[in-house]
Amino acid sequence: MANSLIRTPVSNPATLEVVGHVDVLPADQLGDALVRAQGVQHSWADTDESSRRQCLADVSELIEAETESLARTLTLEQGKPLAQAQLEVGIAARAFAYFATLSLEPEILRSDERQTVTRHFHPLGVAGLITAWNFPLSLMAWKVAPAVLAGNAALVKPAPSTPLASLALGHILDKVLPAGLVQVLTGDNDLGQAIVEHPGIEKISFTGSTATGRRIMGAAAPRLKRLTLELGGNDAAIVLPDADVESTVLGIAAVAFRNAGQVCIAPKRVLVPAELEASITEAFRDYLSEQIVGDGSVEGTTIGPVNNAAQQQFLVDLELAARADGGKFHRTALNRADLPGYFVQPAVVTGLSPTSRLVREEQFGPLLPILTYGSVEQAVAMANDTDFGLGGSVWSTDKERAATVADRVRSGTRWINQHGPAELDIPFGGAAQSGLGIELGREGLHAYTEARIKNIRN
Ligand code: NAD
Numbered sequence: 111m112a113n114s115l116i117r118t119p120v121s122n123p124a125t126l127e128v129v130g131h132v133d134v135l136p137a138d139q140l141g142d143a144l145v146r147a148q149g150v151q152h153s154w155a156d157t158d159e160s161s162r163r164q165c166l167a168d169v170s171e172l173i174e175a176e177t178e179s180l181a182r183t184l185t186l187e188q189g190k191p192l193a194q195a196q197l198e199v200g201i202a203a204r205a206f207a208y209f210a211t212l213s214l215e216p217e218i219l220r221s222d223e224r225q226t227v228t229r230h231f232h233p234l235g236v237a238g239l240i241t242a243w244n245f246p247l248s249l250m251a252w253k254v255a256p257a258v259l260a261g262n263a264a265l266v267k268p269a270p271s272t273p274l275a276s277l278a279l280g281h282i283l284d285k286v287l288p289a290g291l292v293q294v295l296t297g298d299n300d301l302g303q304a305i306v307e308h309p310g311i312e313k314i315s316f317t318g319s320t321a322t323g324r325r326i327m328g329a330a331a332p333r334l335k336r337l338t339l340e341l342g343g344n345d346a347a348i349v350l351p352d353a354d355v356e357s358t359v360l361g362i363a364a365v366a367f368r369n370a371g372q373v374c375i376a377p378k379r380v381l382v383p384a385e386l387e388a389s390i391t392e393a394f395r396d397y398l399s400e401q402i403v404g405d406g407s408v409e410g411t412t413i414g415p416v417n418n419a420a421q422q423q424f425l426v427d428l429e430l431a432a433r434a435d436g437g438k439f440h441r442t443a444l445n446r447a448d449l450p451g452y453f454v455q456p457a458v459v460t461g462l463s464p465t466s467r468l469v470r471e472e473q474f475g476p477l478l479p480i481l482t483y484g485s486v487e488q489a490v491a492m493a494n495d496t497d498f499g500l501g502g503s504v505w506s507t508d509k510e511r512a513a514t515v516a517d518r519v520r521s522g523t524r525w526i527n528q529h530g531p532a533e534l535d536i537p538f539g540g541a542a543q544s545g546l547g548i549e550l551g552r553e554g555l556h557a558y559t560e561a562r563i564k565n566i567r568n
């Protein structure tokens, strides 16, 4: 098998230097990996749940011990500043520790003179776990930990531009779990498609774009595969007229420009009352003026490049369209990136109408439109004027009023005076076309099981 593998380079998005090579597994060789996974899954499912929990706890400790090298690898292939990469490694470690505290004990649904009814959670078999390039490690951990705790095997397919940190996490898993139980398969989109189509894979958990999510749903339909889809978003941050400008802008900007804007749940549209537009724009300019754009490996960098050439080109196109629509770009960050990589100078953008592409599409980059509204009614309508429904936030000095406004926003999570992050014990999922199913929390664990009822007549 090894002879037919093609080696492909992985590049640093800041410098374009090659930082590693991986094998591209041809889609037609997926079967070998699957046979290995199937060969070990049954015995794994038969182990005590407590020993599986202990394995997860051990993995968590090993990840923590490897924080520095995992974070460096992540920054080299993904581009995010090292401090953010360290935080991501921490999230991955905590995900394993969190799922190690959960249990799949059967639930008693009814117990009376007539019947005893219980609900049992059975593993599904082999799960295909497909991840995006923005948070390769934490997304992998969110999926692998519940999948294996529930007694499944897993085939992980990272995005083609960010396989190295996922492989490194795979090596850590190999130290604790039976060989072949979790395999990281590197390859291109065809390999992802083959995983979705393969009849031997019972469950797909996918994080990526809505367009790919639609394709996956279609490809999974013939076998009615279990699906969890965590897709794109176009979150609105609604700033109410009584909001404190400084803390609101700090709260929004810290998430909107994190990871160079490549965050699924980040404010991607800021909706402000017309009378606050000038002061809010000024506060964003101040925030950006303190940011340093550059190589994520270099100390002091706060905003790295975007991850790949296609994403950079997409943002260039959005900017051209926004300029043609009369958008004004406010750019005050210091650019230390005298480098050939995929840099996009961060900006807030005013003067756009709700029909501009930068407003309607998920930019997934450091270009943040600020739009004005006349009434709160109109702000809610603008927030909901999208096919997405991942997250959203409302900012105000009156929390109760903000919460009432948030009730009318259609999204999987609504925050008040904050925007993100997703938390391990809180169910996370998208409304509308931002996803299907739930990740994280107890429901996120149940997503890797088949629930079967046992009904005993007493
Ligand atoms: P993408 O959809 O292009 O790719 C994601 C993964 O799917 C990659 O591993 C890719 O190789 C694979 N893939 C591509 N085509 C496939 C196919 N036909 N069948 C199976 N797999 C296939 O997404 P991306 O550009 O890597 O990621 C960015 C998107 O991810 C954004 O829209 C972002 O909002 C979204 N995202 C969502 C969440 C969430 O939790 N909702 C989290 C992170 C990112």
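In terms of my numbering, the sequence shown has 504 at position 394, counting the first letter as 1, and numbering is strictly consecutive. Heads up, the beta-carbon is just placed ideally off N, CA and C, and yes, glycines get one too. Computed from a prediction, not measured in an experiment: that's the story for all the values here.
- Taken atom to atom, the span from the alpha-carbon of Gly318 to that of Leu339 is near 8 angstroms.
- Only exposed fits Lys509, as fewer than 16 other CB atoms lie within 10 angstroms of its CB.
- Using a Cβ distance threshold of 7 angstroms, Ala329 and Val306 count as a contacting pair.
- Just so you know, the alpha carbons of Asn565 and Val227 end up roughly 4 angstroms apart.
- For Arg511, the uninterrupted alpha helix (DSSP H) segment begins and ends at 509 to 516.
- For the pair Phe424 and Leu398, the Cα-to-Cα distance works out to about 22 angstroms.
- Ranked by Cα distance from Pro191, the first of Asp133, Gly406, Ala376 is Gly406.
- With fewer than three CB-CB distances shorter than 8 angstroms, the stretch 119 to 137 does not count as touching the stretch 247 to 264.
- The beta-bridge partner set that DSSP reports for Gly501 consists of Thr523.
- At a cut-off of 6 angstroms, the beta-carbon of Arg325 counts as near the ligand NAD: some heavy atom of the ligand is closer than that.
- Assignment of Ser357 by DSSP, reduced to helix, strand and coil, places it in the helix class.
- Beta bridge pairing from DSSP links Thr460 with Lys438.
- Every alpha helix (DSSP H) stretch that sits fully inside the stretch 311 to 341 and reaches 4 residues is listed by chain position as 320 to 330.
- In the structure shown, Tyr208 adopts helical secondary structure according to DSSP, grouped into three states.
- Not one heavy atom of the ligand NAD lies closer than 6 angstroms to the C-beta of Val132.
- For Ala237, the closest of Glu223, Gln225, Ala260 by C-alpha to C-alpha distance is Ala260.
- Assigned with DSSP and collapsed to three states, Ser271 falls in coil, not helix or strand.
- For Val227, the uninterrupted beta strand (DSSP E) segment begins and ends at 225 to 233.
- No heavy atom of the ligand NAD is found nearer than 6 angstroms to the CB of Phe367.
- In this model, Leu478 and Gly361 are separated by some 14 angstroms (Cα to Cα).
- Around Trp243, the same chain offers Ala269, Ser271, Thr272, Asn417 as residues with beta carbons nearer than 6 angstroms, after the five sequence neighbours per side are excluded.
- Using a Cβ distance threshold of 7 angstroms, Gly451 and Leu115 do not count as a contacting pair.
- Taking 7 angstroms as the cut-off, the Cβ atoms of Gly499 and Gly540 count as close.
- Annotation: the continuous alpha helix (DSSP H) that includes Lys253 extends over 246 to 259.
- A distance of 7 angstroms or more separates the beta carbons of Gln422 and Ile413.
- Look at Tyr558 here: in three-state DSSP terms it is coil, with no helix or strand label.
- Contact between the stretch 189 to 203 and the stretch 429 to 437 is absent: fewer than 3 CB-CB pairs across the two stretches fall below 8 angstroms.
- In the DSSP assignment, Thr391 falls within the unbroken alpha helix (DSSP H) covering 387 to 399.
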